[in-house]
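Asks:
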Amino acid sequence: MNAQALKDSWRLVTRSGDEVPLFFYSALFLMNPETRDLFPVAMASQRDRLVGALGRIVSNVDRVEELVPYLQQLGRDHRKFAVVTEHYPAVGRALLATLEHFLGDRWTPALAEDWTKAYSLVAQVMSEAAADASKTTPPWWEGEIISHETPALGIAVIRARLNYQYVFRPGQSASISHPRRPRVWRFYSFANAPRQDNTIDLHVRMVDGGVLSAALVMGARRGDVLRVGAPVGDKLKLSPDMPGDLLLIAGGTGLAPLKALVEQVMYEGPSRKVDIVVGARTSRELYDLDALSKMAAEHPWLTVVPAVSNDPYYRGARGNAVDVALQAWRGQQVFVCGSTEMAQSTVGRLLDAGVPSEQIHFDEFTSDKGGES
Numbered sequence: 002m003n004a005q006a007l008k009d010s011w012r013l014v015t016r017s018g019d020e021v022p023l024f025f026y027s028a029l030f031l032m033n034p035e036t037r038d039l040f041p042v043a044m045a046s047q048r049d050r051l052v053g054a055l056g057r058i059v060s061n062v063d064r065v066e067e068l069v070p071y072l073q074q075l076g077r078d079h080r081k082f083a084v085v086t087e088h089y090p091a092v093g094r095a096l097l098a099t100l101e102h103f104l105g106d107r108w109t110p111a112l113a114e115d116w117t118k119a120y121s122l123v124a125q126v127m128s129e130a131a132a133d134a135s136k137t138t139p140p141w142w143e144g145e146i147i148s149h150e151t152p153a154l155g156i157a158v159i160r161a162r163l164n165y166q167y168v169f170r171p172g173q174s175a176s177i178s179h180p181r182r183p184r185v186w187r188f189y190s191f192a193n194a195p196r197q198d199n200t201i202d203l204h205v206r207m208v209d210g211g212v213l214s215a216a217l218v219m220g221a222r223r224g225d226v227l228r229v230g231a232p233v234g235d236k237l238k239l240s241p242d243m244p245g246d247l248l249l250i251a252g253g254t255g256l257a258p259l260k261a262l263v264e265q266v267m268y269e270g271p272s273r274k275v276d277i278v279v280g281a282r283t284s285r286e287l288y289d290l291d292a293l294s295k296m297a298a299e300h301p302w303l304t305v306v307p308a309v310s311n312d313p314y315y316r317g318a319r320g321n322a323v324d325v326a327l328q329a330w331r332g333q334q335v336f337v338c339g340s341t342e343m344a345q346s347t348v349g350r351l352l353d354a355g356v357p358s359e360q361i362h363f364d365e366f367t368s369d370k371g372g373e374s
C-alpha cells in the first residue's frame with residue numbers, strides 16, 4: 002500500500018468539509034438500509050465522527066502496529082451498537098464511494114486498491130477483537146439506578162448496580178446510554194474504585210445541547226436501567242509500583258476519576274499521602290465537598306482543598322486550582338482531570354513551575370469524555 006497516497010487523498014477529501022459525512026451516510030443508508038438502526042434518530046451530533054475516524058485510521062495504516070491496540074478497543078466497544086461482522090463491508094463500500102465522489106479524476110484503480118486493502122486490514126483487526134471479546138463479555142452491562150441526587154444545579158451524582166461482574170480500574174471511563182435516549186452513548190468516568198457490591202458512581206454535568214446529559218441529570222430516576230459499555234482508558238492509572246505521594250487537581254466533574262483514585266488508596270492501604278485540590282468557579286459548584294470532607298475526616302493521609310476562582314465572598318482558598326495546588330506541591334505525582342481547556346492550561350502551568358513531565362498524569366473532558374460524545 003502507498004501510505005503517502007492514502008494520506009494525500011484523504012487530505013483532499015477533507016477539504017469538502019461537512020459535505021463528506023453527508024454523502025457518506027447517504028450512501029451507507031441507501032446501499033444498506035439496515036445500518037440506519039445502528040445510529041441515533043437525530044444524526045446532528047454524529048456529524049463527521051465516524052467518517053473522520055475512518056479516514057484518520059486508514060490513511061495512517063503504515064503505523065498499524067501503533068494503531069492495533071486502539072483498533073482492538075474500538076472493535077470491542079462497538080459491539081454495544083449491535084455492530085456485527087457483516088456491517089464492516091457495508092461501511093467500507095460507503096467509504097470508497099465517498100472517496101470516489103470527492104476525488105473525481107484523482108480516483109484511480111491503484112488508489113482504490115490501496116484504500117480497499119487499508120480498510121480491509123482495519124476491519125479485520127476490529128472484527129477479530131470483537132469476536133474474541135464476545136467469548137467472555139457481553140456487548141454491554143445493565144445498571145439499575147439505585148440512587149440519583151442533584152447536589153448542585155445541573156449536576157447529578159448517580160449510583161447504579163450492574164447485573165454482571167464488571168472489571169475496571171480506578172480512573173477509567175465507559176460509554177453510557179439511557180432508555181430515554183436510545184442508541185445515544187456518551188463517555189463518563191467512574192467516581193469510585195471497584196466494589197464488592199458491583200455498584201458504580203457517575204458524576205454528570207448537564208451541557209448545552211447535550212441530549213444524554215440532560216436525560217441523566219433531569220430525567221433519570223431510581224429504577225431506570227442504564228446500559229454500560231466496556232471500561233476504557235489508562236491515562237489516570239495508579240499502579241502499585243508508582244512511587245511517592247499524590248497531588249490530585251480536579252476541575253468540575255473531572256473530580257470523578259480522581260475520587261476513584263482516592264478510593265483506590267483507601268482500599269489498598271494508606272501507604273502514601275494524598276492531597277486533592279477541587280476547583281470550581283463558585284462555592285455552589287463544589288457539589289461533592291461533603292463526601293470528600295467526610296473521607297478526609299476518616300483518613301488522616303487525605304487532605305481536601307476546595308479552590309474557588311470566581312466568588313469574592315468565598316472564605317476558603319481562592320484562585321485557579323493549579324495555583325492553589327502548586328502551593329502544596331513537594332515532589333508528588335500529579336494527576337489532573339477536567340475540561341480540555343482546564344487540563345491543558347493546568348499541565349502547562351505545572352511544567353512552567355518545574356514539575357517534571359514524567360510526574361504529570363492527565364486526562365481531559367473533550368466532547369467525548371465526561372460529557373457528550
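In this text, residue positions in the sequence shown follow my numbering: the first is 2, and each later residue adds one.
By construction, the Cβ of each residue, glycine as well, lies at the ideal position given by its N, Cα and C atoms.
What's the call for Asn311, buried or exposed, on a 16-neighbour Cβ count within 10 Å?
Replies: exposed
Asks: In the structure shown, what three-state DSSP assignment does Gln334 receive?
Replies: Gln334 carries a strand assignment under DSSP once its states are collapsed to helix, strand and coil.
Asks: Mind checking Ser27: buried by the 16 CB within 10 Å criterion, or exposed?
Replies: exposed
Asks: In its own chain, which residues sit with a C-beta less than 7 Å from the C-beta of Val323, not counting the 5 before and 5 after it?
Replies: Ile250, Thr347, Arg350 and Leu351
Asks: If you run the structure through DSSP and keep just helix, strand and coil, what is Val14?
Replies: helix
Asks: For His102, I'd like the list of residues in its chain whose CB is within less than 7 Å of its CB, leaving aside the five on either flank, ordered along the chain.
Replies: Phe24, listed in sequence order.
Asks: Give the range of the beta strand (DSSP E) segment to which Val158 is assigned.
Replies: Taken as a continuous stretch (DSSP letters only), the beta strand (DSSP E) holding Val158 covers Ile156 to Leu163.
Asks: Do the stretch 332–348 and the stretch 296–316 meet, that is, are 3 or more Cβ pairs less than 8 Å apart?
Replies: no
Asks: Provide the residue span of the alpha helix (DSSP H) that contains Pro90, from first to last.
Replies: His88 to Leu104
Asks: Hey, out of Met243, Met267, Tyr189 and Asp115, whose CA is closest to Asp364's CA?
Replies: Tyr189
Asks: Sort Val85, Ala281, Leu68 and Gly18 by Cα distance to Leu39 and report the nearest one.
Replies: Val85
Asks: Quick one: what does DSSP say Val220 is sitting in, helix, strand or coil?
Replies: The amino acid at residue 220 is misidentified as Val; the sequence shows Gly. If DSSP states are grouped into helix, strand and coil, Gly220 belongs with the helices.
Asks: Spatial neighbours of Leu327 within its chain, please: CB distance less than 7 Å, with the 5 preceding and 5 following residues excluded, ordered by chain position.
Replies: Ala354
Asks: Between which residues of its own chain and Phe30 is the CB-CB distance below 7 Å, once the five residues before and five after are set aside?
Replies: Around Phe30: Thr36 and Arg37.
Asks: Tell me which residues share the same chain as Ala281 and place their Cβ nearer than 6 Å to its Cβ, disregarding the 5 neighbours each side in the sequence.
Replies: Leu287 and Val309
Asks: Report yes if the CB atom of Gln144 is closer than 8 Å to the CB atom of Ala157, and no otherwise.
Replies: Going by the sequence as given, residue 144 is Gly instead of Gln. Contact flag unset, no.
Asks: Based on Cα-Cα distance, which residue from Leu154, Gly56, Gly224 and Ala192 lies nearest to Leu259?
Replies: Ala192
Asks: From Ala91, Pro183, Val266 and Pro70, pick the residue whose C-alpha is nearest to that of Gly409; which is it?
Replies: Residue numbering for the chain in the displayed model covers 2 to 374; residue 409 lies beyond these limits and cannot be assessed.
Asks: Exposed or buried, Ala54, counting other C-beta atoms within 10 Å across all chains shown (16 or more means buried)?
Replies: Exposed is the call here.
Asks: Let me confirm a value: Gln173 is counted as buried when at least 16 other C-beta atoms fall within 10 Å, else exposed. Which label applies?
Replies: buried
Asks: Take the Cβ of Thr99 as the centre, count every other Cβ of all protein chains shown within 10 Å, and call the residue buried at 16 or more, exposed below.
Replies: buried
Asks: Taking the CB atoms as reference points, tell me whether Gln74 and Val233 lie closer together than 8 Å.
Replies: yes
Asks: Which one or two residues does DSSP pair with Pro24 in a beta bridge?
Replies: A small correction: the amino acid at residue 24 is Phe; Pro does not occupy that position in the sequence shown. Phe24 is not bridged to any residue.
Asks: Can the beta-carbon of Arg187 be found closer than 8 Å to that of Ser214?
Replies: For the pair Arg187 and Ser214, the CB atoms are nearer than the 8 Å cut-off.
Asks: I need the DSSP call for Val309, collapsed to helix, strand or coil.
Replies: Strand at Val309.
Asks: Can you tell me whether Lys295 is buried or exposed? The criterion is at least 16 other CB atoms within 10 Å of its CB, across all chains shown.
Replies: Exposed is the call here.
Asks: Out of His179, Val92 and Pro171, which has the shortest C-alpha to C-alpha gap to Ala194?
Replies: Pro171
Asks: So, under 8 Å CB-CB, Met2 and Lys118 are touching, yes? Tell me the CB distance rounded to an integer number of Å.
Replies: 5 Å
Asks: On the three-state DSSP scale, how would you describe His362?
Replies: strand
Asks: Straight-line CA distance for Val19 to Leu290?
Replies: Residue 19 is actually Asp in this sequence, not Val. Approximately 43 Å between the Cα atoms of the pair.
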